[in-house]
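Peer 1: Mind looking over this structure? Questions follow.
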Amino acid sequence: MGSKELSADLGNRIVSRHRSGEGYRKISAALQVPKSTVATIIRKWKKFGTTKNLPRPDRPAKLSNRGRRVSAREVSRNPRVTLTELQRILVEMGEPFRISTIQAALHQSGLYAVGMGRLVLIEGKMNAVKYTEILEENLLQSALDLRLGRRFTFQHDNDPKHTAKRTKEWLRRKSVHVLEWPSRAQT
């Protein structure tokens, strides 16, 4: 619940009493306003030179901070969760919102989805040589196709072909930022 805005008249009375030397407690008792409100009004007057209600920078967020955190946490846990599933979770929490609102909140939290890169048919056994060939032929082109630019983060697990010297060297030469993968899955 947001706080109630005070009238400019009440703010001016608080400031005039403060300027005449009255303490916060006396002003609070005389005007029947909480002491914290008196302190806030005086602080605002000292900083901005006015007791008027200042314009707010943006409209209030539709999705609460809790809803935003729950959405971001769910996406972090399960990157394949759909917006419809997130909407269902938020409805259960008592926050029914349109999918576009949820998507905007995720974007504000730095979470985006851009699609899938090229699919590659793998024949035979995969090893570090074959893996780096696939990366060479597809990774940077997929990033280009998805309009990620050169500043994207690549993720793969600790499979031996992913951690091989050859693979690490290729990624280093191509200046690909790789997301570190924990050595063990947490249970």
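Residues in the sequence shown are numbered from 1 upward in steps of one, following UniProt numbering.
Ideal placement from N, C-alpha and C gives every residue a C-beta, glycine not left out.
All of these numbers come straight from a predicted model, not from anything done at the bench.
Return the first residue and the last residue of the alpha helix (DSSP H) that HIS107 is part of.
Peer 2: HIS107 -> alpha helix (DSSP H) spans 99-108.
Peer 1: By the three-class DSSP mapping on this structure, what secondary structure does VAL129 have?
Peer 2: Correct three-state label for VAL129: helix.
Peer 1: Could you spell out where the alpha helix (DSSP H) holding LYS52 opens and where it closes?
Peer 2: That residue, LYS52, is in no alpha helix (DSSP H); it is neither H nor E in DSSP.
Peer 1: Measure the beta-carbon distance from LEU144 to PHE154 and round it to whole angstroms, keeping in mind my assumption that it falls under 8 Å.
Peer 2: 14 Å between Cβ atoms; not a contact.
Peer 1: Helix, strand or coil for HIS177, going by three-state DSSP, please let me know.
Peer 2: Strand at HIS177.
Peer 1: I think ILE102 touches LEU121, with their Cβ atoms under 8 Å apart; what is that distance to the nearest whole Å?
Peer 2: Contact doesn't hold; Cβ gap of about 36 Å is too wide.
Peer 1: Secondary structure at THR82, three-state DSSP: helix, strand or coil?
Peer 2: Coil.
Peer 1: From the DSSP output, read off the bridge partner residues of THR153.
Peer 2: Partner(s): HIS177.
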